[in-house]
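Novice:
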Amino acid sequence: MKKVQFLAIGDPVVDDFIVLKEARVTCDIDDTNCTISMRWGDKIPFESVTSVAGVGNSANAAVSARRLGLTSALLGIVGGDALGKDILSVYKKEGLERSYIEVQKKKITNHHYVLSYESERTILVKHEQYRYVFPKKLPVPNVLYLSSLADSVGKEYYDALADFLEKNTSVFLAFQPGTFQMKQGVEFFSRIYKRTDIFFCNKEEAARILSKEGTVEELMKGLLALGPKKVVVTDGTNGAYADDGARGYRIPMYPDPRKPFERTGAGDAFASTVTAALALGEPFEKALLWGPINSMSVVQEVGAQKGLLSRKTLEGYLHAAPSSYQVGEL
Numbered sequence: 138m139k140k141v142q143f144l145a146i147g148d149p150v151v152d153d154f155i156v157l158k159e160a161r162v163t164c165d166i167d168d169t170n171c172t173i174s175m176r177w178g179d180k181i182p183f184e185s186v187t188s189v190a191g192v193g194n195s196a197n198a199a200v201s202a203r204r205l206g207l208t209s210a211l212l213g214i215v216g217g218d219a220l221g222k223d224i225l226s227v228y229k230k231e232g233l234e235r236s237y238i239e240v241q242k243k244k245i246t247n248h249h250y251v252l253s254y255e256s257e258r259t260i261l262v263k264h265e266q267y268r269y270v271f272p273k274k275l276p277v278p279n280v281l282y283l284s285s286l287a288d289s290v291g292k293e294y295y296d297a298l299a300d301f302l303e304k305n306t307s308v309f310l311a312f313q314p315g316t317f318q319m320k321q322g323v324e325f326f327s328r329i330y331k332r333t334d335i336f337f338c339n340k341e342e343a344a345r346i347l348s349k350e351g352t353v354e355e356l357m358k359g360l361l362a363l364g365p366k367k368v369v370v371t372d373g374t375n376g377a378y379a380d381d382g383a384r385g386y387r388i389p390m391y392p393d394p395r396k397p398f399e400r401t402g403a404g405d406a407f408a409s410t411v412t413a414a415l416a417l418g419e420p421f422e423k424a425l426l427w428g429p430i431n432s433m434s435v436v437q438e439v440g441a442q443k444g445l446l447s448r449k450t451l452e453g454y455l456h457a458a459p460s461s462y463q464v465g466e467l
């Protein structure tokens, strides 16, 4: 394994994006808790299907960091099938270091289905039962980015990761928990939370993690109490918020050039871009302005990676931003 600046840990997948033509969306009165429905026992027409290989929270982060100029890799597992080869081919084209990818030849690669309708999506997920063993010898990266892994990943794996992080105090840890990691609970990840340098989630996830509702400010204080040095909480079209323990920040959305096409990967783009900006030496407030730009670009395309920007292009958007695009105080 070669040393890299940015190492993401998580499961890579192949996503099939199915754009629906006919569906019904029903929401509560405050536009939350929405459900999508289609006719039962019928043939449902769809508009298009697009297959995207090598995605997933951590995979998206690794590609994002690479395009922004960092040497980058993903520590993950693929099966010994054609989809696994497709993922490795994508990473080769992206310039990712591939020696951190384990191929379990008798397994199949994670394959998810994304039902896309009116710029939102519902994802049908299934994590394959891989054999997870944290590497005994792992070159020390500058940044380690931890996100979604299968629910079958046990405490032994995370304890080995925590041992590695506690031994290598120079590693900057970004933690963006996936669905199963949030379900496993705060106590399960107590050592990881305490070692985290920057933590990312959305407002609904923050309430789920803390098992309580509250204002964004209250939720961020609750997350900081778990141990992270900085927390960032996104809130859809309301923008995002951050707290470094001394100050609270409000981050606006970057103006969309047109209506978003598909929102998959917006959160990954935001979190990974802020992390990459910090790794590139940008101050925290400026890093917070980088994140929404990549999110804006990603939602203009199908999939979580096509719209990810180079550093030059992102900085061009930042230079052209309206005067109102500034980090404010809470």
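The numbering used here puts the first residue of the sequence shown at 138, with every later residue one more than the last.
The beta carbon of each residue, even a glycine, is placed where N, CA and C say it ideally should be.
Are the CB atoms of ARG258 and ARG400 within a distance shorter than 8 Å?
Specialist: Yes, the Cβ-Cβ distance between ARG400 and ARG258 is below 8 Å.
Novice: With a threshold of 16 other CB atoms inside 10 Å of the CB of ASP167, please say whether the residue is buried or exposed.
Specialist: So ASP167 counts as exposed.
Novice: For ILE238 versus HIS249, is the C-beta spacing smaller than 8 Å?
Specialist: Their beta carbons are not under 8 Å apart, which means ILE238 does not touch HIS249 by this criterion.
Novice: Within the chosen definition, does the region 201–212 reach the region 228–248 through at least 3 CB pairs nearer than 8 Å?
Specialist: Yes: at least three Cβ pairs fall under 8 Å.
Novice: Taking all protein chains shown into account, decide if GLN266 is buried (16 or more other Cβ within 10 angstroms of its Cβ) or exposed.
Specialist: Per the 10 Å Cβ criterion, exposed.
Novice: Leaving out five residues before and five after PHE235 in sequence, what residues of the same chain have Cβ atoms less than 7 Å from its Cβ?
Specialist: Per the sequence shown, the amino acid found at residue 235 is Arg instead of Phe. Hits under 7 Å: LEU225, TYR228 and LYS229.
Novice: What does DSSP give as the partner residue(s) for GLN241 in the beta ladder?
Specialist: Looking at the DSSP assignment, GLN241 forms a beta bridge with GLY216.
Novice: With 16 other CB atoms within 10 Å as the buried threshold, where does ARG332 fall?
Specialist: Buried, since its Cβ has 16 or more Cβ neighbours within 10 Å.
Novice: Taking the continuous beta strand (DSSP E) assigned at ARG203, which residues delimit it?
Specialist: Note, ARG203: premise wrong, no beta strand (DSSP E); alpha helix (DSSP H) at 194–204.
Novice: Buried or exposed, going by whether 16 or more other CB atoms sit within 10 Å of the CB of VAL251?
Specialist: VAL251 is buried by the Cβ-count criterion.
Novice: Apart from the five residues on each side of it in sequence, which residues of its chain come closer than 6 Å, Cβ to Cβ, to GLY465?
Specialist: Cβ within range, chain order: ARG387.
Novice: I'd like to know if the region 209–221 and the region 158–176 are in contact, where contact means that at least 3 CB-CB pairs between them fall below 8 Å.
Specialist: Touching, no.
Novice: For HIS248, which beta-bridge partners are listed by DSSP?
Specialist: Beta-bridge pairing links HIS248 to VAL151.
Novice: Report the option in GLY444, ARG384, ASP381 and LEU425 whose CA atom is closest to the CA atom of GLN463.
Specialist: Ranking GLY444, ARG384, ASP381 and LEU425 by Cα distance to GLN463 puts LEU425 first.
Novice: Quick one: is VAL280 buried, meaning 16 or more other Cβ sit within 10 Å of its Cβ, or exposed?
Specialist: By the neighbour-count rule (16 or more Cβ atoms within 10 Å), VAL280 is buried.
Novice: The beta strand (DSSP E) that contains ARG258, what's its start and end?
Specialist: Run containing ARG258: 257–261, per the beta strand (DSSP E) assignment.
Novice: Using beta-carbon positions only, say whether ASP296 and LYS320 come within less than 8 Å of one another.
Specialist: Not closer than 8 Å, so no.
Novice: Mapping the DSSP letters down to three states, classify PHE337 as helix, strand or coil.
Specialist: Of the three classes helix, strand and coil, the one that applies to PHE337 here is strand, per DSSP.
Novice: Smallest Cα separation from THR187: which of GLU422, LEU275, VAL369 and ASP152?
Specialist: Among GLU422, LEU275, VAL369 and ASP152, the Cα nearest to that of THR187 belongs to ASP152.
Novice: Compare the beta carbon distance of VAL156 and SER253 with 8 Å and say whether it is the shorter of the two.
Specialist: Yes; because the gap between Cβ atoms is below 8 Å, this pair is in contact.
Novice: Would TRP427 be called buried (16 or more neighbouring beta carbons within 10 Å of its own) or exposed?
Specialist: Classification for TRP427: buried.
Novice: ALA414 to VAL162, Cα distance in whole Å?
Specialist: Rounded to whole angstroms, ALA414 to VAL162 spans 37 Å at the Cα level.
Novice: Span of the beta strand (DSSP E) holding ASP380?
Specialist: Looking at the DSSP string, the run of the beta strand (DSSP E) that includes ASP380 is 377–380.
Novice: Taking PHE407 as part of the alpha helix (DSSP H), name the residues at either end of that continuous run.
Specialist: 403–416 is the extent of the alpha helix (DSSP H) around PHE407.
Novice: Can PHE154 and VAL439 be called in contact, C-beta distance under 8 Å?
Specialist: Yes, they are a contact pair.
Novice: With DSSP as the reference, please indicate the residues paired to GLU465 in a beta bridge.
Specialist: In the sequence as displayed, the identity of residue 465 is Gly instead of Glu. GLY465 pairs with ARG387.
Novice: In whole angstroms, what is the alpha-carbon distance linking GLY376 and PHE312?
Specialist: Approximately 20 Å between the Cα atoms of the pair.
Novice: Going by beta carbon distance, what residues of the same chain come within less than 8 Å of GLY351, once the five residues before and after it are set aside?
Specialist: ALA344 and GLY359.
Novice: Tell me which residues share the same chain as ALA145 and place their Cβ nearer than 6 Å to its Cβ, disregarding the 5 neighbours each side in the sequence.
Specialist: Closer than 6 Å at the Cβ level, and outside the excluded window around ALA145, lie SER195, ALA198, ALA199, LEU211 and TYR282.
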